[in-house]
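So the numbering used here is basically just the index in the sequence shown, starting at one, shifted up by 188. Just below is one structure, and these are the notes that go with it.
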Amino acid sequence: MSETKIELIQGDITQAAVDAIVNAANSSLMGGGGVDGAIHRAAGPSLHEECMRIAQELKDIPGGPCPAGEAVITGAGMLPCKNVIHTVGPVWQGGGRGERELLAGCYRKSLLLAAGRALKVIAFPNISTGVYGYPKREAASVALETVWECLEKRPQIEKVIFVCFDHENFQIYREMLGVV
Ligand code: ADP
189 MSETKIELIQ GDITQAAVDA IVNAANSSLM GGGGVDGAIH RAAGPSLHEE CMRIAQELKD
249 IPGGPCPAGE AVITGAGMLP CKNVIHTVGP VWQGGGRGER ELLAGCYRKS LLLAAGRALK
309 VIAFPNISTG VYGYPKREAA SVALETVWEC LEKRPQIEKV IFVCFDHENF QIYREMLGVV
């Protein structure tokens, strides 16, 4: 069952030695604050260089290089994981601007990229719940529903780890996963 493929930890995603960690990037792919900054700092300059090359290739995409809800994959520089999947969450604007579907797209596209490369263990941060202001409880329900659905469709993915950095997100996921 898909539920048993979901794991929850509280911590720093840069330390996850998995097939891919997901970055809550911004649409420029040029790095930023929060988890994005932490990933780029820990990965070193090669990650930035690879992101710059991809951004150049995708520069004509509207809302791009990587629009909200989309994802791209790179190597991982000095990180202990093998790949980084950069996805761009929606900025919360009250909920009436398609935020839910865009956030679901982040999880869906990231897992699609992972499955396409036969990656089996993927770690996600709580996309959009920092600077982008998505309400944490709503974001967690979108994340869990979408990941469950994807795991059902793609049995080759062995594990999805939600890495919660802040205690509030960790508690919300614990509750929703029934591990209170
Ligand atoms: P966004 O712009 O998508 O909101 P942020 O990086 O501001 O992205 O925040 C997304 C989530 O990432 C937040 O819940 C924040 O607590 C979390 N976060 C910040 N640093 C790390 C880290 N090193 N590992 C895992 N999660 C992190």
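Just so you know, even glycine gets a beta-carbon here, dropped at the ideal spot from N, CA and C.
| Query | Result |
| --- | --- |
| Should Arg296 be labelled buried (16 or more other beta-carbon atoms within 10 Å of its own) or exposed? | buried |
| For Arg342, collect the residues of the same chain with a Cβ closer than 6 Å to its Cβ; drop the 5 residues on either side in sequence, then sort them by chain order. | Ala303 |
| Check whether the segment 327 to 343 touches the segment 216 to 228, taking contact to mean three or more Cβ pairs, one atom from each stretch, closer than 8 Å. | no |
| Could you pull out every residue in the same chain whose Cβ sits closer than 6 Å to the Cβ of Val260, ignoring the five residues on either side in sequence? | Ile242, Cys254 and His274 |
| So who's on the other strand from Thr275, going by DSSP bridges? | Ala212 and Ala259 |
| Rounded to a whole number of angstroms, what is the C-alpha to C-alpha distance between Gly252 and Leu246? | 7 Å |
| Going by C-alpha to C-alpha distance, which of Ala205, Gln198, Cys294 and Gln344 sits closest to Val276? | Cys294 |
| Buried or exposed: Ile209, going by 16 or more other Cβ atoms within 10 Å of its Cβ? | buried |
| Measuring only from the beta carbon, is Asn314 closer than 6 Å to any heavy atom that is part of ligand 1? | yes |
| Closer than 7 Å by C-beta to Gly404: which residues in its own chain qualify, once you throw out the five before and the five after it? Chain order, please. | Outside the shown range of the chain, which is 189 to 368, sits residue 404, and nothing can be said about it. |
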